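S.K.: Have a look at this one.
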Amino acid sequence: MGFYIVQFLTGLSDASSLFLVAAGLSLIFGVSRIVNMAHGSFYMLGAYIAYVIIAALPHTGISFWGGILLATLAVGVIGIIVEIFLLRRLYRAPELFLLMATFALLLVIQDLARWAFGPEDLIGPMAPGLEGSINILGTLMPTYDLVLIIAAPVVLLFLWFLLTRTRWGILVRAATEDREMLAALGVNQKWLFTSVFFLGSLLAGLGGAIQLPKGGADLLMDMNVIAAAFVIVVVGGMGSIPGAFLAAIIIGELGSFGVLYLPQSTLVMMFLVMAVVLVIRPYGLLGKPELEEGSGESFETVMRPAPKQLRLIGLGILGVLILLPVFGGKYQLVLFGEIALFSLACMSLYFMMGPGGMVSFGHAAFFGGGAYAAALLVHYVRTPMSLALLLTPLCAGLLALIIGWFCVRLSGVYLAMLTLAFAQICWSIVFQWSAFTGGDDGILGIWPAHWASNAVVFYYLTLLISVGGILLLRHLLFTPFGYTMRACRDSRLRADAIGINVTRHQWFSFAVAGVFAGLAGGIYVFSKGSIFPDEMSIPRSFDILLSVLLGGIESITGPIVGSSIFIWLEDKLSNLDFWRLILGCIFIVLVLAFPQGVGGFFGTRFSHFFGEASNDSNPIGKD
Amino acid sequence: MAKVLEVNHLSKSFGGVQAVNDVSFHLEKGQLLAMIGPNGAGKSTCFNLINGQLRPDSGTIRILGKDTRGMKPRHVWALGVGRTFQITATFTSMTVLENVQMVFLSTHRRIRNVWHKTADLYRDEAMELLRLVGVESQWNRPCGILAYGDLKRVELAIALANRPKLLLMDEPTAGMGTKERLKLMELTSRIVRDQSIGVLFTEHDMDVVFGHADRIIVLSYGRLIAEGTPEEVRGNKKVKEIYFGTYAVPPCATSGV
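In order, the protein sequences belong to chains U and Y. Take the first sequence: its letter number 373 is residue 448 in the numbering used here, and every next letter is one higher. Take the second sequence: its letter number 97 is residue 396 in the numbering used here, and every next letter is one higher.
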């Protein structure tokens with residue numbers, strides 16, 4: 076009996092720091108609509124800074140608790156700096172660019188932490204006076220866990236007081252409910268955003284610092300906690316602090332007991348919970364449906380066929396790519412082949428994200444799904460390459476039909492998080508079903524057919540499939556199918572009122588995106604000769620997402636520009652020591668310089684050069 | 300003759316508020332029926348019930364003789380119902396012409412066509428409609444940047460594109476200048492009489508209502524309190540009361556709260 080009680084209490088203490096991080100994330104999202112990818116980094120910094128301060132002071136109770144307090148405040152100040160110098164400049168940009176900026180920040184902080192604190196895992200100091208264990212019906216539990224268990228409800232109470240009993244809290248809640256109205260009331264939003272970001276980062280820092288005696292500090296903390304924190308925020312309902320508390324306890328307990336009964340489930344358990352909750356309650360346990368966003372804000376531009384000059388540039392680039400084998404070496408062929416197929420994957424995400432209006436955080440499920448489909452077909456039934464490449468998109472499309480059926484019932488961030496959950500579920504199936512998929516060892520020896528084994532031939536095949544796929548997707552956007560996608564995105568109300576089944580059409584668009592991502596994955600597996608679960612993981616999904624954002628989601632050229640930059644940078648940087656830092660800084664500079672995406676920027680800046688009809692070209696007024 | 304729209308004993312409440320309470324009325328071909336009443340009288344709820352956006356708690360709605368129970372807006376549309384919204388809803392990333400083309404694509408069940416270029420489909424038909432409502436000069440401009448009055452006309456074109464038998468217009472002239480209002484309503488009445496469409500519209504501008512409606516129904520606190528020709532409604536005591544009299548006090552203690 077004691078064992079189960081301790082297990083339960085351990086779950087609660089795990090839930091504690093998760094709640095602190097998630098509460099901060101939820102507050103920040105509620106007010107500023109920032110999906111803060113760097114929130115886990117603040118958690119990590121809290122742990123490291125507390126470690127350094129405590130280690131520098133004599134080992135007494137005052138210095139321990141003082142260290143935790145100082146670290147918490149320090150992280151809050153870092154949050155203020157980030158908000159003022161980076162995010163504040165971006166509030167006018169689309170929400171997704173803020174996500175990109177915070178992701179870049181995550182990369183930067185990761186490398187800075189490695190540089191400042193070293194790569195070794197640090198074991199946290201014990202809290203003076205709380206070093207021992209307590210005996211609960213015959214089972215021992217660390218005394219410090221009690222501190223953690225108490226911390227969460229205390230913070231919950233504090234936040235409740237702050238949000239319901241102070242003027243500041245009322246403003247925060249008002250902003251969470253309706254931002255436009257708040258702006259109209261003349262509230263100083265700048266100050267409000269900064270203070271919320273301060274509190275949010277501070278809570279993350281506290282979460283990291285306070286768990287130090289239990290979990291220590293390491294460089295993987297940020298990624299580990301951010302995924303869990305997002306799950307908690309979404310399960311609890313975006314912007315709901317009590318929801319986050321409830322969800323943190325559910326996730327904490329599931330982790331604690333999951334290890335006992337289904338140890339292989341731990342990687343996927345929380346994502347399963349999130350998927351189930353979102354399917355049953357689309358706005359989380361205690362969340363409210365989001366207000367219909369005003370249509371006046373939309374920044375979508377009318378889609379016109381590319382002007383002649385742009386087409387000529389495109390043809391010119393294609394010509395260079397076709398002639399590449401004449402003057403390029405094998406290295407260039409591989410690099411440009413990879414850019415081409417990655418462009419196709421990005422284009423497929425752009426397809427559902429831009430015109431389709433559905434953001435996916437889990438596009439690697441279809442890219443990796445296609446790759447695994449091809450690899451399994453070759454490995455188990457000796458399918459010839461050409462047949463495998465034909466079947467691959469179908470398999471990925473089928474997967475997208477299944478996942479999409481659930482996802483299109485949601486919208487916005489919830490939809491994105493559900494795609495992430497499904498991608499993570501797919502990843503863990505591949506990772507853990509090692510008898511079938513090879514697990515972590517992957518599947519090796521998937522080489523191209525004999526006729527395509529020559530580097531030049533394979534390059535041409537890659538180019539043909541990628542460019543063909545991209546052109547096909549582009550063609551789709553100009554057909555009634557593509558127009559209907561945009562109709563569903565622009566105004567659900569109007570689309571429904573002219574007889575369009577919005578949900579079904581979004582479902583089909585989702586599947587089409589899956590088909591083409593799968594195609595890219597199929598060719599990828601033959602180019603590498605092997606496949607590993609990494610290709611389905613969250614970082615892979617974010618590679619694709621970031622590339623699309625980098626290029627900009629306002630024009631069809633965006634994803635191609637973005638993925639070219641991304642692969643090229645990755646190729647140049649990945650063997651440098653602090654490549655994350657460099658990549659992150661480049662991203663930040665790009666986001667600050669081109670808040671519409673690089674492709675979008677050049678599209679608008681040089682629209683006259685391209686002879687593109689700008690939006691207001693028709694000056695004829697009403698007669 | 301089958302009536303275009305028959306509403307019988309329609310009721311809908313939100314929480315404790317009885318938004319629409321036992322309302323019955325009908326509408327015939329070629330007629331303009333105005334629904335008026337103070338803010339919060341239940342006009343928009345009525346529209347959303349007829350349109351299929353909301354489900355009634357009780358009562359029936361028949362459109363062209365068909366019971367619309369359980370139908371979604373897109374099914375109601377397919378019966379031959381066009382709708383314009385109080386706050387215009389158009390596809391902002393498309394041009395005026397493309398907005399109307401979309402309706403033709405939907406009418407001809409070609410929204411999943413993956414072969415043709417949209418630009419080439421139903422261009423002339425859409426252009427003709429734009430000419431009819433008087434915004435043909437704007438055809439190539441994005442709906443997102445159009446002047447509000449023009450947007451209202453585009454919505455009318457969208458609503459007319461599937462040759463509806465019933466037109467639901469929620470405040471068709473809201474946000475327009477007086478001259479524009481009368482022009483738009485004249486246009487609307489001409490079109491609906493030519494095509495013998497039944498129109499149900501709400502409106503706050505009494506000049507528009509009394510100048511164009513064939514019949515008027517008056518809602519107050521969810522109930523139908525008067526019905527008749529403009530002359531009859533003008534003379535109705537209860538109507539005068541709610542429009543000019545004591546706003547603050549409900550006309551009678553309505554049940555069902």
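Virtual Cβ for every residue (Gly too), placed ideally from N, Cα, C. It should be emphasised that the depicted structure is a prediction, and the values quoted were computed from it without experimental measurement.
Which ranges would you report for the beta strand (DSSP E) in the stretch 303-345 of chain Y if only whole runs of at least 3 residues count?
M.R.: Segments of the beta strand (DSSP E) lying fully in the stretch 303-345 of chain Y: 304-313, 316-326, 331-335.
S.K.: Just to confirm before moving on: does the CB-CB distance between Ile124 (chain U) and Ala279 (chain U) stay below 9 Å?
M.R.: What you label residue 124 (chain U) is simply residue 49 of the first sequence in a count that begins at 1. What you label residue 279 (chain U) is simply residue 204 of the first sequence in a count that begins at 1. No, these two residues do not count as a Cβ contact at 9 Å.
S.K.: Under the rule that 16 or more other beta-carbon atoms within 10 Å means buried, what is Phe160 (chain U), buried or exposed?
M.R.: Locating residue 160 (chain U) in the first sequence gives position 85, counting from the first residue. The residue is exposed, with fewer than 16 neighbouring Cβ atoms inside 10 Å.
S.K.: To be precise: take each residue of the stretch 556-567 of chain U, compare its Cβ to all Cβ atoms of chain Y, and keep it if any distance is under 7 Å. Which residues remain?
M.R.: If the cut-off is 7 Å between Cβ atoms, the stretch 556-567 of chain U has Phe556, Tyr558, Thr559, Arg561, Ala562, Asp565, Ser566 near chain Y.
S.K.: Counting only beta-carbon separations shorter than 9 Å, does Glu501 (chain Y) have a partner in chain U?
M.R.: Start at 1 with the first residue of the second sequence, and residue 501 (chain Y) comes out as number 202. Note that residue 501 (chain Y) is Thr in the sequence shown, not Glu. No, because no Cβ of chain U sits closer than 9 Å to the Cβ of Thr501 (chain Y).
S.K.: I'd like to know whether the C-beta of Glu397 (chain Y) is nearer than 9 Å to at least one C-beta of chain U.
M.R.: Indexing the second sequence from 1 puts residue 397 (chain Y) at position 98. Yes, contact with chain U.
S.K.: Who are the neighbours of Val402 (chain Y) on chain U, taking C-beta pairs under 7 Å?
M.R.: As a position in the second sequence, residue 402 (chain Y) is number 103, starting the count at 1. Going along chain U in sequence order, the residues near Val402 (chain Y) (Cβ under 7 Å) are Ile573.
S.K.: Look up Gly557 (chain U) in the DSSP assignment and give the residues it is bridged to.
M.R.: Your numbering for residue 557 (chain U) matches position 482 in the first sequence. Beta-bridge pairing links Gly557 (chain U) to no other residue.
S.K.: Going by the CB atoms, is the gap between Gly364 (chain Y) and Lys302 (chain Y) shorter than 9 Å?
M.R.: The residue you call residue 302 (chain Y) lines up with position 3 of the second sequence. The residue you call residue 364 (chain Y) lines up with position 65 of the second sequence. Against a cut-off of 9 Å, the Cβ pair of Gly364 (chain Y) and Lys302 (chain Y) comes out as a contact.
S.K.: Going along chain U, which residues have a C-beta under 9 Å from Ile457 (chain Y)?
M.R.: Translated into positions along the second sequence, residue 457 (chain Y) becomes position 158. What Ile457 (chain Y) touches in chain U: Arg569, Ala572, Ile573.
S.K.: Return the chain-ordered ranges of every beta strand (DSSP E) run that is complete within the stretch 176-211 of chain U and spans a minimum of 3 residues.
M.R.: Listed in chain order, they are 208-211.
S.K.: Helix, strand or coil, according to DSSP, for Arg373 (chain Y) in the structure here?
M.R.: Reading the second sequence from its first residue, position 74 is the one you call residue 373 (chain Y). Arg373 (chain Y): helix per DSSP, three-state reduction.
S.K.: Can you give the beta carbon distance from Ala757 (chain U) to Thr177 (chain U), rounded, assuming they're within the 8 Å contact cut?
M.R.: Look at the range of chain U in this structure, 76 to 698, and you will see that residue 757 (chain U) is not part of it.
S.K.: Which residues of chain U have a Cβ atom closer than 7 Å to the Cβ of Arg373 (chain Y), listed in chain order?
M.R.: Here the question's residue 373 (chain Y) lines up with position 74 in the second sequence. What Arg373 (chain Y) touches in chain U: Asp571, Gly574, Ile575, Asn576.
S.K.: Which one or two residues does DSSP pair with Ala524 (chain U) in a beta bridge?
M.R.: To locate residue 524 (chain U), count along the first sequence from 1; it is residue 449. For Ala524 (chain U), which the question treats as bridged, DSSP gives no partner whatsoever.
S.K.: Are the stretch 485-492 of chain Y and the stretch 401-417 of chain Y touching, with three or more C-beta to C-beta distances below 8 Å?
M.R.: As far as the Cβ criterion goes, the stretch 485-492 of chain Y does not touch the stretch 401-417 of chain Y, which means the pair count is below three.
S.K.: Tell me the rounded alpha-carbon separation between Ala460 (chain Y) and Val498 (chain Y).
M.R.: Within the second sequence, the letter at position 161 stands for residue 460 (chain Y). Within the second sequence, the letter at position 199 stands for residue 498 (chain Y). C-alpha separation (whole angstroms): 15 Å.
S.K.: Taking three-plus beta-carbon pairs below 8 Å as touching, is the stretch 587-605 of chain U in contact with the stretch 441-459 of chain U?
M.R.: Verdict: yes, contact present.
S.K.: Run through the stretch 605-661 of chain U for me and flag every whole alpha helix (DSSP H) of 4 or more residues, listed as ranges in chain order.
M.R.: Counting whole runs of 4 or more residues, the stretch 605-661 of chain U contains the alpha helix (DSSP H) stretches 613-626, 632-648.
S.K.: Against Arg388 (chain Y), what residues of chain U qualify as contacts under a CB-to-CB distance less than 8 Å, listed in chain order?
M.R.: Your numbering for residue 388 (chain Y) matches position 89 in the second sequence. Note on residue identity: the sequence assigns Ala, not Arg, to residue 388 (chain Y). In chain order: Ser370, Ser566, Leu568, Arg569, Ala572.
S.K.: Measuring only the C-alpha atoms, how far is Trp502 (chain U) from Cys563 (chain U)?
M.R.: Position 427 of the first sequence, counted from the first residue, corresponds to residue 502 (chain U). Position 488 of the first sequence, counted from the first residue, corresponds to residue 563 (chain U). Using only the alpha carbons, I get a separation of about 30 Å.
S.K.: Residues of chain Y with CB closer than 7 Å to the CB of Val377 (chain U), please, in chain order.
M.R.: For the purposes of this step, residue 377 (chain U) is taken as residue 302 along the first sequence, with counting starting at 1. Those within 7 Å of Val377 (chain U) in chain Y are Ser392, Met393, Thr394, Pro441.
S.K.: Taking only the alpha-carbon atoms, compute the straight-line gap between Ala491 (chain U) and Thr147 (chain U) and give it to the nearest angstrom.
M.R.: Within the first sequence, residue 491 (chain U) is the residue found at index 416, counting from 1. Within the first sequence, residue 147 (chain U) is the residue found at index 72, counting from 1. Using only the alpha carbons, I get a separation of about 31 Å.
S.K.: Contact between the stretch 410-427 of chain Y and the stretch 356-370 of chain Y is defined here as three or more beta-carbon pairs at a separation below 8 Å; is this criterion met?
M.R.: Cβ pair count under 8 Å is below three, so no.
S.K.: With 16 as the cutoff for other CB atoms within 10 Å, does Ala547 (chain Y) come out buried or exposed?
M.R.: Within the second sequence, numbered from 1, the residue matching residue 547 (chain Y) stands at position 248. Note that Ala547 (chain Y) scores a pLDDT of 42, beneath 50, so its modelled location is shaky and nothing firm can be said.
S.K.: If you compare alpha carbons, which of U:Leu552, U:Glu328, U:Val377 is closest to Phe83 (chain U)?
M.R.: As a first step, residue 83 (chain U) is located in the first sequence; it is residue number 8 there, counting from the start. Minimum Cα distance to Phe83 (chain U) is reached at U:Glu328.
S.K.: Within 10 angstroms of its Cβ, does Phe374 (chain U) collect 16 or more other Cβ (buried), or is it exposed?
M.R.: The residue you call residue 374 (chain U) lines up with position 299 of the first sequence. With a pLDDT of 47 at Phe374 (chain U), under the threshold of 50, the modelled position of that residue is not reliable, and the figure given next carries that caveat. It is exposed - the Cβ of Phe374 (chain U) has fewer than 16 other Cβ atoms within 10 Å.
S.K.: By the DSSP assignment, the alpha helix (DSSP H) with Ser468 (chain U) in it spans what residues?
M.R.: Numbered from 1 along the first sequence, position 393 holds the residue referred to as residue 468 (chain U). Per the sequence shown, residue 468 (chain U) should be read as Pro rather than Ser. Taken as a continuous stretch (DSSP letters only), the alpha helix (DSSP H) holding Pro468 (chain U) covers 460-482.
S.K.: Quick check: Phe417 (chain U) and Val587 (chain U), are their CB atoms within less than 9 Å of each other?
M.R.: In the first sequence, residue 417 (chain U) corresponds to position 342, counting from 1. In the first sequence, residue 587 (chain U) corresponds to position 512, counting from 1. In this structure, Val587 (chain U) does not lie closer than 9 Å to Phe417 (chain U) by Cβ.
S.K.: Give a yes or no on whether 9 Å exceeds the smallest Cβ distance from Ser373 (chain U) to chain Y.
M.R.: Within the first sequence, residue 373 (chain U) is the residue found at index 298, counting from 1. Below a pLDDT of 50, predicted positions are generally treated as unreliable, and Ser373 (chain U), at 45, falls in that range; the measurement from the model is reported next regardless. Yes, Ser373 (chain U) lies at the interface with chain Y (some Cβ there is under 9 Å from its Cβ).
S.K.: Nearest-angstrom Cα distance between Leu174 (chain U) and Gly329 (chain Y)?
M.R.: Along the first sequence, read from residue 1 onward, the residue named residue 174 (chain U) stands at position 99. Along the second sequence, read from residue 1 onward, the residue named residue 329 (chain Y) stands at position 30. Between Leu174 (chain U) and Gly329 (chain Y), the C-alpha separation is close to 54 Å.
S.K.: Give the straight-line distance between the Cα atoms of Asn693 (chain U) and Pro441 (chain Y), rounded to the nearest whole angstrom.
M.R.: One-based indexing of the first sequence puts residue 693 (chain U) at position 618. One-based indexing of the second sequence puts residue 441 (chain Y) at position 142. The pLDDT assigned to Asn693 (chain U) is 33, lower than 50, so where the model puts this residue is not dependable; a value taken from the coordinates is nonetheless given after this. Straight-line Cα distance between these residues: approximately 10 Å.
S.K.: Report back the beta-carbon spacing between Glu526 (chain Y) and Phe324 (chain Y) to the nearest angstrom; my notes put them in contact at under 8 Å.
M.R.: Locating residue 526 (chain Y) in the second sequence gives position 227, where the first residue counts as 1. Locating residue 324 (chain Y) in the second sequence gives position 25, where the first residue counts as 1. With 8 Å as the limit, Glu526 (chain Y) and Phe324 (chain Y) qualify as a contact, their Cβ atoms being about 6 Å apart.
S.K.: Which residues of the stretch 470-492 of chain Y have a Cβ closer than 7 Å to any Cβ of chain U? Give them in chain order.
M.R.: Within the stretch 470-492 of chain Y, no residue has a Cβ that lies closer than 7 Å to any Cβ of chain U.
S.K.: Name the two residues that bound the continuous beta strand (DSSP E) containing Asp469 (chain Y).
M.R.: Mapped onto the second sequence, residue 469 (chain Y) falls at position 170. From DSSP, the beta strand (DSSP E) with Asp469 (chain Y) extends over 465-469.
S.K.: Three or more beta-carbon pairs under 8 Å between the stretch 635-651 of chain U and the stretch 552-562 of chain U, yes or no?
M.R.: The stretch 635-651 of chain U is not in contact with the stretch 552-562 of chain U.
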